[in-house]
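Numbering of the sequence shown is given in our numbering, commencing with residue 4 and proceeding in unit increments.
Below is one structure, written out as structure tokens; comments come after it.
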Amino acid sequence: MLRLLFLNYIYLKQVKRVIGEFSQSTDGPVFIAIAGIHGNELAGVSALYRLFQQLSFMQPKFNGTFIGIAGNLRAINAGKRYISIDLNRQWYAEKVNYLERAPKYLLQVSEDVEQKELITLLKRLLRRYKKENINLLDLHTTSSEGGAFCIANADSRAQDLAKSLHVPVIVGLEKVIIGTTMNYFTSLDLPAFGFEAGEHYDWQSVIRMEAAIWKCLVKLGCINQKDVPLYDYYDDVLMQLSLKNNKVAHKIADKLDTNKVLELCYRHVIMPDQNFEMKPNYLNFQPIEKGEVLANDVNGPIKSPLNGMMLMPLYQKQGNDGFFIVRPT
Ligand SMILES: [Zn+2]
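Okay, structure coming up:
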């Protein structure tokens, strides 16, 4: 954790909207990675800075373009998840349409300004590159421990890329939640997946993100596998996160086809002033049973509505999602 803070101390002093861009041609695949849509999730910002430094030092033969973007800049600099509202819940059509039309100087909410800047940047990239070449990755970390995973949209290119990382792949996000960046990328008809790399302050989360990005760049044909330093090590790093190797999920994972994707089936929404408190020690992919008490709030115990596996239990103050439940498709 100290090392992560140290790195962030160096980088975040001068964080820019475009963290880096590496290209040797305007043709070829375009891989866009976004970090820090949640401002307290600094591992992705660190990982991107480190990757662009390595690329510019190594100058490998590179096909296409790799771009790294900072999400909620003002929240990143303030060290907060968000300033006023969760930027990862604002990407529904009405809001996006409104922000596209509204002049920036009229926007009062910090996240509205952030969102408008991000929309403008993405639209500029969509004009610059062929749409069919673009792939998006949204980097996140969680407040709970217990393994990394991908959340992919319905585009088979995104799911194939996510599956190549060997970590559990979850689909169906758009059915239980609206307004995430993923919903927006889907509305633009772009392949996109989110990578949840682990716990916010775990130094390994940075390594996992670097591993995931290098693997994506190889899989997309941007860079030769032999030109990636430590490629086999990165493969091992991610392999350890497969469901079979997950310390809590392995018992049921043995029964699962590891190539099978999991579906997001349930989201517990926290309303204001409900004093939501998650029961301690839940981990991602921990098997849970229908009727099991998962949390408490002012209305009493909150029980699981179905059998499945726990995902993203909330162990931080900010956030509206108490927990999610996933099941094999
Ligand atoms: Zn996040």
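The beta-carbon is built from N, C-alpha and C at its ideal position, and this holds for glycine as well.
All values derive from a computational prediction rather than experimental measurement.
Is residue j closer than 8 Å to residue i when the C-beta atoms are compared?
i	j	result
Ser190	Ala96	yes
Arg77	Ile88	no
Phe65	Phe25	yes
Gln277	Asp300	yes
Glu103	Gly175	no
Leu317	Met274	no
Asn156	Ala195	yes
Met185	Ala200	no
Asn43	Phe152	no
Gly325	Lys306	no
Val209	Ala46	yes
Asn138	Leu51	no
Asp141	Gly197	yes
Asp172	Ala214	Looking at the sequence itself, residue 172 is Val, so the reference to Asp does not match. Against a cut-off of 8 Å, the Cβ pair of Ala214 and Val172 comes out as no contact.
Gly23	Arg92	no
Cys219	Gly67	no
Ala73	Val18	yes
Trp206	Tyr234	no
Leu244	Val329	no
Phe327	Tyr269	yes
Leu90	Glu114	yes
Thr145	Met315	yes
Ile40	Ile70	no
Arg84	Gln289	no
For the alpha helix (DSSP H) containing residue i, list its first residue and its last residue.
i	result
Phe34	Taken as a continuous stretch (DSSP letters only), Phe34 belongs to no alpha helix (DSSP H), being part of the beta strand (DSSP E) at Val33 to Ala38.
Asp89	Asp89 -> no alpha helix (DSSP H), and no H or E assigned at all.
Asn80	Leu76 to Ala81
Ala46	Ala46 to Met61
Ile328	Per DSSP, Ile328 belongs to no alpha helix (DSSP H); it is in the beta strand (DSSP E), Asp324 to Pro331.
Glu103	Ala96 to Arg104
Helix, strand or coil for residue i per DSSP?
i	result
Ser26	strand
Cys219	helix
Ala155	strand
Val301	coil
Asn66	coil
Asp276	coil
Lys19	coil
Leu244	coil
Met313	strand
Ala165	helix
Ile13	Low confidence applies to Ile13: its pLDDT is 49, below 50, so where it sits in the model is not reliable, and the reading given next is rough at best. Ile13: helix per DSSP, three-state reduction.
Asp192	coil
Val296	strand
Val172	strand
Lys282	coil
Lys320	coil
Cβ of residue i versus every heavy atom of ligand 1: is any distance shorter than 7 Å?
i	result
Glu117	no
Glu44	yes
Ile181	no
Asn75	no
Asn91	yes
Ile37	no
Ile40	yes
His143	yes
For the beta strand (DSSP E) holding residue i, just list the boundary residues, first then last.
i	result
Leu267	Leu265 to Val272
Glu202	Ala195 to Glu202
Leu129	Note, Leu129: premise wrong, no beta strand (DSSP E); alpha helix (DSSP H) at Ser113 to Arg131.
Leu142	Ile137 to Thr145
Val179	No beta strand (DSSP E) contains Val179, which is instead part of the alpha helix (DSSP H) from Leu176 to Val179.
Would residue i count as contacting chain B if we go by Cβ distances under 8 Å?
i	result
Asp324	Within the model displayed, chain B is absent; a lone protein chain is all it includes.
Beta carbon of residue i: closer than 7 Å to some heavy atom of ligand 3?
i	result
Lys178	By its list of ligands, the structure shown excludes ligand 3, since it contains just ligand 1.
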